[in-house]
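Numbering (our numbering), first residue to last: 64 to 254.
Here a beta-carbon is modelled for each residue, glycine too, at the ideal position from N, C-alpha and C.
Just so it is clear, the structure is predicted and the values come from calculations on it, not from any experiment.
#1: Rounded to whole angstroms, what is the Cα-Cα separation between residue 64 and residue 104?
#2: To the nearest angstrom, report how far apart residue 195 and residue 211 are at their CA atoms.
#3: I'd like to check one pair, residue 77 with residue 94: are the Cβ atoms closer than 9 Å?
#4: Judging by CA-CA distance, which residue of 136, 92, 144, 85 is the nearest neighbour of residue 207?
#5: If you compare alpha carbons, which of 124, 123, 253, 159 is closest to residue 134?
#6: Is it true that the CB of residue 236 sits closer than 9 Å to the CB of residue 228?
#7: Would you mind giving the Cβ-Cβ distance between residue 230 and residue 139, rounded to the nearest angstrom? I have them listed as a contact below 8 Å.
#8: To test your reading of the DSSP string, which unbroken alpha helix (DSSP H) runs of 4 or more residues are found completely within the region 138 to 198?
Following this line, the structure appears as structure tokens:
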């Protein structure tokens, strides 16, 4: 019997895994559930991924790269910090709106012990880029002189909180409200 290594099956597995890991977490997602949702046999998953850990890392790396590209593609690195911050915020919001399950997946798994070295390196690289924004803004006396990791955490946490409340139906996140939140967050970090 010929082995079916079709890209469509791999894509179906990755999609199903991302949805289930977002809904149920890593430990609540069994490979048979992924197989059922992807409409493949459980053994088929192991043709593409050596383990559940390999599968979650493949999903993580795919969406971490997609988030990075969504934010940084043609990013205005030479613009004033205010413009850079606005661009970052609205690109992040656009990514979350277009990929809500993926955004939730990334948020749920970004500190997970089952992430491999490559996933951790991607995460660190993204954090480093965000920290550099604050370092450059501080060097130009545009941003508060607090540790960049602290400023980044304040902004990221505010965004994630808004996203989660909106997704839960507890907060209507209209474009106007999103702009108001962006302004509030900018005010929190600007000098």
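So, from the listed chains and residues:
#1: Position 1 of the chain shown, counting from 1, holds the residue named residue 64. Position 41 of the chain shown, counting from 1, holds the residue named residue 104. Per-residue confidence for residue 64 stands at a pLDDT of 34, beneath the threshold of 50, marking its modelled position as unreliable; no derived number is given.
#2: Here residue 195 is taken as the residue at index 132 of the chain shown, counted from 1. Here residue 211 is taken as the residue at index 148 of the chain shown, counted from 1. Each residue's Cα considered, the two are about 8 Å apart.
#3: As a working mapping, residue 94 is identified with position 31 in the chain shown. As a working mapping, residue 77 is identified with position 14 in the chain shown. Cβ distance not < 9 Å, so residue 94 and residue 77 don't count as in contact.
#4: Residue numbering aside, residue 207 sits at position 144 when the chain shown is read from its first letter. The residue with the shortest Cα to Cα distance from residue 207 is 144.
#5: Here residue 134 refers to the residue found at position 71 of the chain shown. Nearest C-alpha to residue 134: 159.
#6: Position 165 of the chain shown holds residue 228. Position 173 of the chain shown holds residue 236. Against a cut-off of 9 Å, the Cβ pair of residue 236 and residue 228 comes out as a contact.
#7: As a position in the chain shown, residue 230 is number 167, starting the count at 1. As a position in the chain shown, residue 139 is number 76, starting the count at 1. About 29 Å separates the two Cβ atoms, so there is no contact after all.
#8: Whole alpha helix (DSSP H) segments, 4+ residues: 144 to 161, 163 to 172.
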